[in-house]
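Everything in the sequence shown is counted per this note's numbering, starting at 56 for the first residue and increasing by one.
Report on the structure given below.
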Amino acid sequence: MKNNFAKQIVIFTVISLVCVLLLNAFVMPQVMKPKVKDTNYSFFLDKIDEGNVTKVKIEDNEIRFEVKADDGTQIYSTGRMDDPELVSRLHAKGDIVFTEDFQESNIFLEFLVGWVLPIVFFIVLWNILMRGMSKRMGGNAMSFGKSNAKIYVKAQTGKTFADVAGQDEAKEALVEIVDFLHNPKKYAEIGANLPKGALLVGPPGTGKTLLAQAVAGEAEVPFFSISGSEFVEMFVGMGAAKVRDLFKQAGEKAPCIVFIDEIDTIGKKRDGNFSGNDEREQTLNQLLTEMDGFDGKRGVVILAATNRPESLDPALLRPGRFDRRIPAELPDLAGREAILMVHAKKVRTEENIDYNAVARATAGASGAELANIINEAALRAVRNGRKLVSQTDIEESVEVVIAGYERKNAVISQKEKEIVAYHEIGHALVAAMQKDSAPVHKITIIPRTSGALGYTMQVDEGEKFLMTKEEALARIATLTGGRAAEEVIFNSYTTGASNDIEQATKLARAMVTRYGMSSGFDMIALETVTNQYLGGDASLSCSPETAARIDYEVNALVRSCHEKALKILRENVGKLHELAGFLLERETITGEEFMAILNKEKATVL
Ligand code: ADP
Ligand code: MG
Ligand code: ZN
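As structure tokens, this is what we get:
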């Protein structure tokens with residue numbers, strides 16, 4: 056790096072000197088020399104007679120003379136004639152000076168303008184350039200900005216493994232890498248090679264970037280971080296140049312860590328298409344080459360993060376490159392609780408907050424969403440003029456994240472409110488009357504900014520990793536319960552069930568095509584999930600005839616569940632009226648209140 060800097064100074068100095076020389080050779084004579092006009096001899100004689108000539112210099116072939124005019128003086132040049140009377144003619148005008156030094160230029164001025172000023176100018180320019188550069192490089196002016204790889208050191212990310220909760224397996228794998236960078240000897244003695252690269256994969260918001268920053272904080276080695284999109288430049292070839300430069304810098308700084316975030320931007324599978332992105336392929340090729348060129352023992356570890364591992368080029372994933380995969384999955388119950396607590400430490404909370412309850416209500420939430428929930432809770436506390444975050448704040452903000460803010464002043468007619476109340480109680484009642492269904496936690500008919508006019512929240516007691524067929528069917532029945540209640544009470548349909556329909560269809564479809572839970576098909580994978588971390592889109596892999604049969608099976612499944620829901624509600628129509636009335640009056644009721652009314656007299660459990 057130092058070396059590089061010296062080279063730049065030399066280059067800059069040479070350029071400056073060449074500029075100054077050129078300036079002096081070509082430009083200065085033009086600027087500095089007084090303009091000399093050619094004229095003829097008789098003009099010279101006329102001027103002498105007029106008495107306007109002030110100075111004369113006589114050379115072998117040329118006469119130079121200065122004529123004074125109204126606006127200063129002008130120098131002329133004329134050829135020398137054989138004119139013996141010239142001298143006496145000049146003497147006749149007594150005040151003409153014969154001079155050798157015809158002040159064609161001012162030596163001092165010339166030196167100043169030709170040499171001193173340009174050099175001063177270049178020094179100032181250099182200073183400005185360096186200052187601008189050091190600002191852009193974050194205080195590090197040494198590297199002449201070819202890549203934007205930033206150097207992170209411990210103080211800069213300020214994150215440690217303590218900031219990452221729940222990702223214990225990922226942390227374990229990364230701790231090993233940090234340890235290797237601290238004492239490579241320990242590993243060398245036994246002959247162990249550490250993986251050259253580790254790939255963090257997982258859905259968005261699970262803390263991949265955070266983990267890498269924590270590694271930077273823990274490992275007291277330089278940490279180069281660059282985002283995949285930064286490689287994709289406007290100029291062709293720049294991406295590859297950046298990769299080269301990044302690895303060159305890393306090589307100089309070893310042991311160190313290089314982190315490439317969102318690597319799928321450059322690491323996409325190369326395909327034979329003509330429309331392929333040349334620039335991206337060049338960048339990827341360069342990356343592959345650089346990763347091969349590294350001696351694992353030198354202590355450069357490459358971390359990368361992506362949420363689309365399946366789209367990465369296989370060459371990138373083979374052993375010797377990113378040979379280790381570190382999954383950052385959505386947190387489980389304990390993980391969610393730990394993440395909530397890590398973020399709650401940053402805000403002032405009341406004592407005895409039940410994080411476990413919050414964690415149970417947020418199944419499927421990512422770390423980023425949980426962090427957001429705590430922040431929303433803190434904002435709510437401030438809005439309500441309180442100094443501490445309470446349990447209610449957190450629970451309310453869970454709902455904000457799930458369903459949006461409450462629309463307190465939304466105007467909804469009494470008739471519609473009634474429909475919504477029956478709809479929600481329909482869900483809750485169907486859920487409560489089936490033993491394979493999660494308990495009801497809360498029912499509300501306060502509209503939300505997401506467009507929901509109300510919702511029923513169910514919270515499982517513990518963590519569930521598997522879903523039985525019975526549970527899946529109970530879930531579909533619960534989803535159809537809202538519409539079923541509308542049918543039973545009002546004998547009509549509204550558009551309010553669209554979201555329920557979507558969810559029920561999705562689950563029923565997965566039961567048929569992926570879980571082998573339908574009577575019509577055996578254990579056949581009719582669909583494959585294409586990107587598991589980004590929404591889990593699935594693509595059909597079967598004949599059109601089978602696709603038609605799938606639709607038929609899905610419909611049959613949902614219909615049977617729907618009929619079951621209708622049956623439950625018809626048998627408990629008294630409870631349905633009672634509960635809906637209570638909800639209409641209160642707008643929000645808890646699971647306990649719901650169960651209390653339900654259990655007042657024994658209802659039939661199916
Ligand atoms: P991604 O996996 O998409 O890179 P990030 O690392 O950017 O996710 O996470 C975004 C934010 O979510 C983090 O800054 C952090 O506040 C929070 N977060 C995510 N996972 C965790 C976790 N396991 N522990 C604590 N905070 C987390
Ligand atoms: Mg990220
Ligand atoms: Zn509904």
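Glycine residues also receive a C-beta, built at the ideal position from the N, C-alpha and C atoms.
Close CB contacts of residue 117 within its chain, under the 8 Å cut and outside five residues either way in sequence, are with 132, 133, 134 and 135 (chain order).
A contact between stretches requires three or more CB pairs, one per stretch, nearer than 8 Å, and the region 632–651 fails this requirement with the region 599–619. The beta carbons of residue 355 and residue 274 sit about 12 Å from each other, so the pair does not count as a contact at 8 Å. Residue state for residue 121 is assigned as strand, using DSSP reduced to three classes. Secondary structure at residue 576: coil, using DSSP grouped into helix, strand and coil.
In this structure residue 544 is buried. Its beta-carbon is surrounded by 16 or more other beta-carbon atoms within 10 angstroms.
Membership of residue 548 in any beta strand (DSSP E) is not indicated, and neither H nor E is assigned to it by DSSP. Under DSSP, residue 221 forms no beta bridge with any residue. DSSP places residue 442 in no beta strand (DSSP E); its state is neither H nor E. Between residue 176 and residue 251, the beta carbon gap of about 49 Å keeps them out of contact (Cβ cut-off 8 Å).
In the three-state DSSP reduction, residue 435 falls in the helix class (H, G or I). Counting along the chain, the unbroken beta strand (DSSP E) around residue 595 starts and ends at 593–595. CA-CA distance, residue 649 to residue 418, rounds to 22 Å. Under the criterion of beta carbons closer than 8 Å, residue 595 and residue 581 qualify as touching, at roughly 7 Å. The C-beta of residue 183 has fewer than 16 other C-beta atoms within 10 Å across all chains shown, which makes the residue exposed.
Residue 81 sits exposed, since fewer than 16 C-beta atoms from the chains shown fall within 10 Å of its C-beta. Across the set 308, 463 and 502, the C-alpha of 502 shows the shortest separation from the C-alpha of residue 476. Of the other Cβ atoms in all chains shown, 16 or more fall within 10 Å of the Cβ of residue 225; this residue is therefore buried. Your pair residue 338 and residue 298 checks out as a contact, with CB atoms roughly 6 Å apart and the cut at 8 Å. Counting only residues whose CB is nearer than 6 Å to a non-hydrogen atom of ligand 3, the list in chain order is 478, 482, 537, 552 and 555.
Short of 6 Å from the beta carbon of residue 109, and not among the five residues preceding or following it, lie these beta carbons of its own chain, in chain order: 121 and 123. What you get when you keep residues with a C-beta closer than 6 Å to any heavy atom of ligand 2 is 263, 264, 316 and 360.
Between residue 342 and residue 370, the C-beta spacing is not below 7 Å.
The Cβ atoms of residue 325 and residue 336 lie closer than 7 Å to each other. Under the three-state reduction of DSSP output, residue 249 falls in the coil class, being neither helix nor strand. Annotated three-state conformation of residue 588 is coil, per DSSP. Its chain contains 135 as the residues whose beta carbon lies nearer than 8 Å to that of residue 114, once the 5 sequence neighbours on both sides are disregarded; these appear in chain order.
Note on residue 469: under 16 other CB atoms within 10 angstroms of its CB, so exposed under the neighbour-count rule. The count of Cβ pairs closer than 8 Å, one atom from the region 582–591 and one from the region 359–379, reaches three, so the stretches are in contact.
Within the same chain, and ignoring the five residues on either side of residue 508 in sequence, the residues whose Cβ sits closer than 6 Å to its Cβ are 475 and 502. Taking C-beta separations shorter than 6 Å and ignoring five residues to either side along the sequence, the partners of residue 310 in its chain run 236, 276 and 354, following chain order.
At a threshold of 6 Å, residue 222 counts as near ligand 1, since its beta carbon sits closer than that to one of the ligand's heavy atoms. Between residue 384 and residue 445 a beta carbon distance of about 31 Å is seen, past the 8 Å cut, so the two are scored as non-contacting. Contact between residue 260 and residue 432 is absent: CB atoms are separated by about 18 Å, not below the 8 Å threshold.
For a cut-off of 8 Å, the C-beta gap from residue 361 to residue 318 is around 5 Å, short enough to register as a contact. Not one heavy atom of ligand 1 sits closer than 6 Å to the Cβ of residue 428.
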